[in-house]
Amino acid sequence: MKNNNQTVIITGANSGIGKKIALAFGAQKANVVVNYIVDESSADDVVTAIKDLGGNAITYHADVTDLEACQTMVKTAQSTFDSVDVLVNNSGITRDNLIIRMKETDFDQVIDVNLKGAWNMSKSVARVMMKQKRGNIINISSVVGIIGNPGQSNYVASKAGLIGLTKSLSKELGLRGIRVNAIAPGFIQTKMTDALDDDVKAAYLQQIPLNAFGKAEDIAHAALFLASPKASYITGQVLNVNGGMI
Ligand code: NAP
């Protein structure tokens, strides 16, 4: 399951799941573009860690809601490392509330980052990958994008949308040797889930047959697999990594 010398762009790679995906590719000697939006020093730390593991990496500041910034990030990846082999659309935010209390801006922001951001990045890499006649796009969706969740109508809509995006792009780009898949994580321990109340966490735990929350590494392993030749006949799929939740 080697991904040597591949160039991988990971959005939101300075923390949580994105960081572990970046380190996993770095450990396989990939060239990694570590995208971030706020915290430059944590992105610098990820680059240092990747180099220590024998990979190569650069940081890249870009807001995925900005199409032009996404296109420039892809151009930079290509000019620095010669190709763009893998895109992991990982950036994501939550603005949870019941629909009667949710502000319109909370809906718009979540859709903009989680769904439009992935579309912006996919659009930006599509031409490059089509010319290469190879490539992999991996969208980080969520278990709730499949089963729904009260208080998360914006987030769930974005994550269900990512599944639709995955399936459409797999059909559009397959002939050019580009595979497009999604990973639907369950409850993974990161700063996004650390923010939840203890009673909410306890309720989630009761729904998990393996009786444990997932680790960011569990998602990184799934991403490595989907990007590898071992998954060469897999496209348009949603890989559930959720301890048996659904
Ligand atoms: P996290 O630690 O909060 O990571 C989110 C990342 O997105 C951060 O690196 C953040 O950058 C970046 N980001 C936010 N807005 C951005 C923007 N406009 N442009 C570029 N990057 C932006 O959360 P996580 O738990 O690792 O989540 C990673 C992905 O997994 C998300 O898509 C999330 O929805 C999904 N997911 C998580 C779980 C879970 O249980 N944790 C479950 C299912 C799915 P800064 O740090 O610089 O703000």
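If you read the sequence shown in my numbering, its first letter stands for residue 17, the second for the next number, and so on. Note that beta-carbon positions come from the ideal geometry of N, C-alpha and C, so glycine has one too.
For residue i versus residue j, is the C-beta spacing smaller than 7 Å?
i	j	result
A59	L39	no
G28	S107	yes
A46	L69	no
V104	I74	no
N136	L83	yes
N165	A134	no
A93	T23	yes
I37	A200	no
N271	Q148	The chain is shown from 17 up to 262; residue 271 falls before or after that span and cannot be answered.
V90	V141	yes
M146	R192	yes
V80	A243	no
A238	L255	yes
G34	I25	no
V172	G161	yes
Please check if any C-beta of chain C sits within less than 7 Å of the C-beta of residue i.
i	result
I224	Absence of chain C from the displayed structure is noted, only one protein chain being present.
Which whole-angstrom value is the C-beta distance of residue i and residue j, which I expect to be below 8 Å?
i	j	result
N30	D55	5 Å
G202	V257	7 Å
A232	G32	6 Å
V100	G167	About 37 Å separates the two Cβ atoms, so there is no contact after all.
I153	L114	I153 to L114, Cβ: 33 Å. No contact.
R111	N170	6 Å
Sorted by chain position, which residues of the same chain lie with C-beta nearer than 8 Å to residue i's C-beta, five sequence neighbours on each side aside?
i	result
T88	A78
S224	Checking the sequence, you will find Ile at residue 224 rather than Ser. The residues are G202, F203, N258, G259, G260 and M261.
N21	K45, A46 and N47
D98	T23
G230	P201, G202, F203, I204, Q205, V257, N258 and G259
V216	none
D234	P201, I204 and V257
Once you ignore the five residues that flank residue i on each side, which residues in its own chain have a CB closer than 7 Å to its CB?
i	result
T96	I74
C86	A78, V80, N136, M137 and S140
T263	Residue 263 falls outside the range modelled here, since the chain spans only 17 to 262, and no answer is possible.
E120	none
I163	I262
Who are the near neighbours of residue i in its chain, counting only those whose CB is closer than 6 Å to its CB and skipping five residues on each side?
i	result
N227	none
S157	K175, L178, I179, A198 and A200
I53	D79
Taking 6 Å as the line, does the beta carbon of residue i fall inside it for any heavy atom of the ligand ATP?
i	result
I156	In the structure shown, the ligand ATP is absent; the only ligands present are the ligand NAP.
Check: Does the pairing of the region 116-136 with the region 171-189 give three or more beta-carbon distances under 8 Å?
Finding: At 8 Å Cβ cutoff, the stretches touch.
Next item on the list: Count the CB pairs spanning the region 191-211 and the region 119-128 that are closer than 8 Å, and state whether there are at least three.
Entry: Contact between the region 191-211 and the region 119-128 is absent, because fewer than three Cβ pairs lie under 8 Å.
Next item on the list: Note down, one range per segment and in chain order, each alpha helix (DSSP H) of at least 4 residues found wholly within the region 199-236.
Entry: Taking only runs of at least 4 residues, the alpha helix (DSSP H) segments lying wholly in the region 199-236 are 207-210 and 214-222.
Margin query: Report the start-end ranges of each alpha helix (DSSP H) in the region 96-174 that is 4 residues or longer and not cut off at the edges.
Written below: DSSP assignment within the region 96-174 yields the following whole alpha helix (DSSP H) runs of 4 residues or more, N-terminal first: 120-126, 133-148 and 160-163.
Next item on the list: Return the chain-ordered ranges of every beta strand (DSSP E) run that is complete within the region 37-82 and spans a minimum of 3 residues.
Entry: DSSP runs (the beta strand (DSSP E)) wholly in the region 37-82: 47-52 and 72-77.
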